[in-house]
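S.K.:
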Amino acid sequence: MDQSAIGLIGLAVMGENLALNMEHHGFSVSVYNRTAERTRQLAEGRGRGKKLHPTYDMAEFVKSLAPPRRIFLMVQAGAPVDAVLAQLKPLLAPGDIVMDGGNSFYKDTNRRSKDLEAAGFHYFGVGVSGGEAGALNGPCIMPGGTREAYPLVEPILTTIAAQVVDGPCCAYMGPGSAGHYVKMVHNGCEYAVMQLIAEAYDILRGGLGMSAAQLADVFGRWNEGELSSYLIEITQKVLSYVDPDTRQPLVDLILDQAGQKGTGKWTSQDAPDLGIPIPNIDAALWGRNISALKAERVKAADFLTGPAASARLDASFVEVVRDALYTGMIISYAQAMALLRTASHDYGYDLNLSEIARIWKGGCIIRAKLLDPIQAAFRGSPDLVNLLLDAELGGLVNRRQSSLRQVVQQAVGLGIPTPAFNASVAYFDSYRRARLPVNLIQAQRDFFGAHTYQRIDRSGTFHTEWE
Ligand code: 6PG
Numbered sequence: 038m039d040q041s042a043i044g045l046i047g048l049a050v051m052g053e054n055l056a057l058n059m060e061h062h063g064f065s066v067s068v069y070n071r072t073a074e075r076t077r078q079l080a081e082g083r084g085r086g087k088k089l090h091p092t093y094d095m096a097e098f099v100k101s102l103a104p105p106r107r108i109f110l111m112v113q114a115g116a117p118v119d120a121v122l123a124q125l126k127p128l129l130a131p132g133d134i135v136m137d138g139g140n141s142f143y144k145d146t147n148r149r150s151k152d153l154e155a156a157g158f159h160y161f162g163v164g165v166s167g168g169e170a171g172a173l174n175g176p177c178i179m180p181g182g183t184r185e186a187y188p189l190v191e192p193i194l195t196t197i198a199a200q201v202v203d204g205p206c207c208a209y210m211g212p213g214s215a216g217h218y219v220k221m222v223h224n225g226c227e228y229a230v231m232q233l234i235a236e237a238y239d240i241l242r243g244g245l246g247m248s249a250a251q252l253a254d255v256f257g258r259w260n261e262g263e264l265s266s267y268l269i270e271i272t273q274k275v276l277s278y279v280d281p282d283t284r285q286p287l288v289d290l291i292l293d294q295a296g297q298k299g300t301g302k303w304t305s306q307d308a309p310d311l312g313i314p315i316p317n318i319d320a321a322l323w324g325r326n327i328s329a330l331k332a333e334r335v336k337a338a339d340f341l342t343g344p345a346a347s348a349r350l351d352a353s354f355v356e357v358v359r360d361a362l363y364t365g366m367i368i369s370y371a372q373a374m375a376l377l378r379t380a381s382h383d384y385g386y387d388l389n390l391s392e393i394a395r396i397w398k399g400g401c402i403i404r405a406k407l408l409d410p411i412q413a414a415f416r417g418s419p420d421l422v423n424l425l426l427d428a429e430l431g432g433l434v435n436r437r438q439s440s441l442r443q444v445v446q447q448a449v450g451l452g453i454p455t456p457a458f459n460a461s462v463a464y465f466d467s468y469r470r471a472r473l474p475v476n477l478i479q480a481q482r483d484f485f486g487a488h489t490y491q492r493i494d495r496s497g498t499f500h501t502e503w504e
């Protein structure tokens, strides 16, 4: 039997779909899974009659691949990746290439790439976004790792990726963990945008008393304009879905406790190390965390009260929420891109932000029309420190800021929690201020700890005996 062009380990939903995607594009694929049953199911089911080569032990799998071997891991992030690598390593030859396509923590990817590169292998941490359908029909792929080996995997990755007008949604991100870092921040942005959408839904539901079906119409309309994006599109679909058993909108029957797998949290944890504020992503994270305290919230709801008046908002407020949502999204991307910019410098990734915006335009969860002006902003000024300083996007936020303020004011008045809208407006107001009140914080620090301060009227470092 001919040796396969690529091998894929891990046949859960994402892995299986990626293998079928590769095969569909003409690449012969060897597949292996820890439990043989899964491999057999694929070979005899969706893989029947295709150029898929099922293998049942790791040595057989490795032998079935054409050199230099290209191996794509789609196993659960964390210990399972290390376990597979430990099994693989003794079977590999120098020059072989291992790609980890899971949502691995970027520091793990740094450790693994050092280890594998030291042993003479090439290693890539590959961010893959797009869920099940993306994996099968074309995901967004963010590979980072051994630069010189990239041409050996590029034809496969770019061919199976989603395609947009200006090319495949796959590009080399940078060395080491660059790909997984970009994917982590993508997910942070995903959290922020999802939180903003949920808040918009809550305001329209609570403030205007709109039903799920009415809201579905609103999101459907929004998806036809500048807000057009995958997340708005699926929101419309979710809101219009009727539970066949109860004939009620399914969304109304879903328990209000959000899950998470870690990537959004990692983004929020890493940003402070780089000194970059990402309050929209932080807000999305605590929005999920407080949702998880369901039992406490149910108790608190009996005791803690909100504002007495529940004035109904005017129907025209729908458009205000739409504008605020778009503005909040721009501010979320501004924070995510600012984080990537600093990470690029501090971690030596040398990221191309315009190219990242370009590949995010297709296949991934945060694909959106908004990525066009974002791509253009960084193409025009690759060193742009913050998207809010771009003439088009910053100008738009300037003009639309009143929508954001109105949404926050109304939400506060009605007692509707809007952590991500609040964060958006606070970030904007902080970023646009030449002078912030931290002169007082500096004075307090100097008061209790002699931490010293600087002055605006003279140079030097000062300390005062305040009492
Ligand atoms: C993607 C998604 C994908 C996954 C998230 C969900 O880009 O395809 O981000 O990676 O659905 O990890 O994350 P949470 O479970 O943390 O919401």
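Our numbering numbers the first residue of the sequence shown as 38 and each following residue consecutively.
Ideal placement from N, C-alpha and C gives every residue a C-beta, glycine not left out.
Just so it is clear, the structure is predicted and the values come from calculations on it, not from any experiment.
Less than 8 Å between the C-beta atoms of A457 and A229, yes or no?
M.R.: Yes, these two residues count as a Cβ contact at 8 Å.
S.K.: Using DSSP bridges, identify the partner residues of S391.
M.R.: Answer is none; S391 lacks a bridge partner.
S.K.: Looking at the structure shown, is A338 part of a helix, part of a strand, or coil, going by DSSP?
M.R.: In this structure, A338 counts as helix in the three-state DSSP scheme.
S.K.: Touching or not, the stretch 214-231 and the stretch 372-387, by the rule of three or more beta carbon pairs under 8 Å?
M.R.: In short, these stretches touch, since the Cβ pair count reaches three.
S.K.: Using the Cβ count rule (16 or more neighbours within 10 Å means buried), how would you classify Y267?
M.R.: Result: buried.
S.K.: Bridge partners of D137, per DSSP?
M.R.: Answer is L110, G162, bridged to D137.
S.K.: Indicate, with yes or no, if the ligand 6PG has a heavy atom lying under 7 Å from the CB of C206.
M.R.: Checking every heavy atom of the ligand 6PG against the Cβ of C206, none is found closer than 7 Å.
S.K.: Please say whether T455 and A448 have beta carbons closer to each other than 8 Å?
M.R.: Yes. Within cutoff.
S.K.: Strictly by DSSP, which residues pair up with P91?
M.R.: Partner(s): V68.
S.K.: For the ligand 6PG, is there a heavy atom less than 7 Å away from the beta-carbon of N174?
M.R.: Every heavy atom of the ligand 6PG is 7 Å or more from the Cβ of N174, so no.
S.K.: Does DSSP classify C177 as helix, strand or coil?
M.R.: It is a strand residue.
S.K.: By a C-beta neighbour count over all protein chains shown, 10 Å radius and 16 as the cutoff for buried, is D494 buried or exposed?
M.R.: Flag for D494 reads exposed.
S.K.: Using the Cα positions of A380 and K126, report the straight-line distance between them to the nearest angstrom.
M.R.: The alpha-carbon atoms of A380 and K126 are separated by roughly 30 Å.
S.K.: Measuring only the C-alpha atoms, how far is L153 from H159?
M.R.: Each residue's Cα considered, the two are about 7 Å apart.
S.K.: Are M111 and A49 closer than 8 Å when you measure CB to CB?
M.R.: In this structure, A49 lies closer than 8 Å to M111 by Cβ.
S.K.: Identify, in the order they occur along the chain, each residue of the same chain with its Cβ nearer than 6 Å to the Cβ of I108, setting aside the five sequence neighbours on each side.
M.R.: G44, V135.
S.K.: How many Å lie between A487 and I478 at the Cα?
M.R.: When rounded, the distance between both Cα atoms is 12 Å.
S.K.: I need the DSSP call for C207, collapsed to helix, strand or coil.
M.R.: C207 falls in the strand class under three-state DSSP.
S.K.: Counting pairs of beta carbons, one from the stretch 111-123 and one from the stretch 183-199, are three or more of them closer than 8 Å?
M.R.: Counting Cβ pairs under 8 Å, fewer than three are found: no touch.
S.K.: Note down the Cα distance separating I411 from H382, rounded to an integer number of angstroms.
M.R.: Looking at the two C-alpha atoms, the distance is approximately 20 Å.
S.K.: Spell out a yes or no on whether the stretch 388-398 and the stretch 333-347 are touching, meaning 3 or more CB-CB pairs, one atom from each, closer than 8 Å.
M.R.: No: fewer than three Cβ pairs fall under 8 Å.
S.K.: Under three-state DSSP, which class holds Y384?
M.R.: Note: Y384 maps to coil in three-state DSSP.
S.K.: State buried or exposed for W259, treating a residue as buried only when at least 16 other CB atoms are found within 10 Å of its CB.
M.R.: Classification of W259: buried, given that the 10 Å Cβ count is 16 or more.
S.K.: Return yes when the Cβ of G182 is within less than 8 Å of the Cβ of G213, no when it is not.
M.R.: Cβ atoms of G213 and G182: closer than 8 Å.
S.K.: Give me, in chain order, the residues of the same chain whose beta-carbon lies closer than 6 Å to that of V422; leave out the 5 immediate sequence neighbours on both sides.
M.R.: Answer for V422: no residue qualifies.
S.K.: Could you round the C-beta distance between F98 and S67 to whole angstroms and report it? I think they count as a contact, below 8 Å.
M.R.: Correct: roughly 6 Å between the Cβ atoms.
S.K.: Taking the continuous alpha helix (DSSP H) assigned at Y44, which residues delimit it?
M.R.: The sequence given here has Gly at residue 44, not Tyr. Premise fails: G44 lies in the beta strand (DSSP E), 43-46, not in any alpha helix (DSSP H).
S.K.: Kindly indicate which three-state DSSP category F499 falls into: helix, strand or coil?
M.R.: Reduced to three states, the DSSP call for F499 is strand.
S.K.: What are the residues that DSSP puts in a beta bridge with P286?
M.R.: P286 is bridged to V279.
S.K.: Using C-beta distances below 7 Å, list every residue in its chain close to A103, excluding the 5 sequence neighbours before and after it, in chain order.
M.R.: Within the same chain, A103 has close Cβ partners Q40, S41, A42.
S.K.: Using a threshold of 7 Å, is the CB atom of Q297 nearer than that to any non-hydrogen atom of the ligand 6PG?
M.R.: Q297 Cβ: within cutoff of the ligand 6PG.
S.K.: Given this structure, state the Cα-to-Cα distance separating I403 from F354, to the nearest angstrom.
M.R.: If I take the Cα positions, the gap works out to 26 Å.
S.K.: How would you label Q372, buried or exposed, when you count the other beta carbons within 10 angstroms and need 16 or more for buried?
M.R.: Looking at its Cβ environment, which holds 16 or more other Cβ atoms inside 10 Å, Q372 is buried.
S.K.: With a threshold of 7 Å, establish whether the CB of C401 neighbours any heavy atom of the ligand 6PG.
M.R.: Checking the Cβ of C401 against the ligand 6PG gives yes.
S.K.: For R71 and M51, what's the separation of their Cα atoms in angstroms?
M.R.: Cα-Cα distance, rounded: 15 Å.
S.K.: Of all the options H61, R472, I178, which has the alpha carbon lying nearest to the alpha carbon of D137?
M.R.: Selected option, being the one with the closest Cα: I178.
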